[in-house]
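Chains as they are written, first to last, in the numbering used here: chain X, 903 to 1017; chain W, 47 to 159.
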């Protein structure tokens, strides 16, 4: 069966520090991968998505970047965190075809607090 | 750009009450429709989905949703809610052929025992 991991679960970082959040998927190959930010009362904001290794599309211009160094690994990064980067970050994957086409499978999330 | 509207941001019900959460979208073509649920402390997970066929879709835990194409709506319903249905509910829409979903802002449901 497929599983998705995110780490760390919680993170407290000072303003101006770098960030690296990691997401890995097991049990599937060539998934579509997504990074979302969830804010209370504002739903899910899609940040980045990827349809393959090294292929990253950005939905919202901001202080963050994403990379996909391996098929089932998706990394969210920042060189210098801002206070406004605080939030709950979710990784998700989907399959491009088949029974579960377009269904999103979400990870447990990372709670980031920037102080 | 397409949008998804969830009209009820906060809903408070007593157990056994009926539930209907509204979802409307703006895309005019073929769509895939989803409802996701996030129980306290748990992952977001799929509640139900519509791709084609019978517009009345049944999901887990007694939930159902009806796709009304003429109204661009996909409302979620449950005839009798339970305390364990307390959660946040998100509607999502993918235009046909697209793997990029648009999510609504979510509805927080609190069910009092």
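We treat Cβ as the ideally placed atom computed from N, Cα and C, and that holds for glycine. This one's a predicted model, so the numbers in the text were calculated from it and none came from an experiment.
Short CB-CB distance (under 8 angstroms) between residue i and chain W
i	result
residue 970 of chain X	no
residue 944 of chain X	yes
residue 996 of chain X	yes
residue 928 of chain X	no
residue 1008 of chain X	yes
residue 991 of chain X	no
residue 978 of chain X	no
residue 932 of chain X	no
residue 1005 of chain X	yes
residue 948 of chain X	yes
Min CB distance residue i to chain X below 8 angstroms
i	result
residue 71 of chain W	no
residue 95 of chain W	yes
residue 53 of chain W	no
residue 121 of chain W	no
residue 79 of chain W	no
residue 67 of chain W	no
residue 90 of chain W	yes
Identity of the residue in the options nearest residue i by Cα
i	options	result
residue 53 of chain W	W/102, W/154, W/92	W/154
residue 119 of chain W	W/104, W/138, W/108	W/138
residue 922 of chain X	X/966, X/960, X/978	X/978
residue 913 of chain X	X/999, X/1000, X/990, X/1007	X/990
residue 933 of chain X	X/988, X/957, X/1014	X/957
residue 946 of chain X	W/158, W/147, W/99	W/147
Proximal residues to residue i (C-beta, below 8 angstroms), its chain only, five neighbours per side dropped
i	result
residue 930 of chain X	904, 974, 995, 997
residue 90 of chain W	82, 83, 84, 136
residue 925 of chain X	906, 907, 908, 935, 937, 975, 976, 977, 978, 993, 1009
7 angstroms CB neighbourhood of residue i in its chain, flanking five on each side removed
i	result
residue 75 of chain W	141, 142
residue 79 of chain W	95, 96, 113, 120, 139
residue 910 of chain X	1012
residue 981 of chain X	920
Status (buried if at least 16 other CB within 10 Å, exposed otherwise) for residue i
i	result
residue 962 of chain X	exposed
residue 84 of chain W	buried
residue 1005 of chain X	buried
residue 927 of chain X	buried
residue 62 of chain W	exposed
residue 1012 of chain X	buried
residue 1016 of chain X	buried
residue 116 of chain W	exposed
residue 906 of chain X	buried
residue 952 of chain X	buried
residue 77 of chain W	buried
residue 102 of chain W	exposed
6 angstroms Cβ shell around residue i - same chain, five flanking residues per side excluded
i	result
residue 49 of chain W	72
residue 984 of chain X	965
residue 125 of chain W	64
residue 967 of chain X	979
residue 58 of chain W	156
residue 134 of chain W	84, 152, 154
Check: residue i C-beta below 7 angstroms from any heavy atom of the ligand FMN
i	result
residue 81 of chain W	Although the ligand FMN was asked about, the structure shown includes no ligands whatsoever.
Is the segment 128 to 135 of chain W close to the segment 923 to 939 of chain X, with three or more CB pairs under 8 angstroms?
no
Would the segment 965 to 977 of chain X and the segment 59 to 79 of chain W be scored as touching if the rule is three or more Cβ pairs under 8 angstroms?
no
Residues from the segment 126 to 158 of chain W in contact with chain B, defined by Cβ distance under 7 angstroms
Looking for chain B here will not work: the only protein chains present are X and W.
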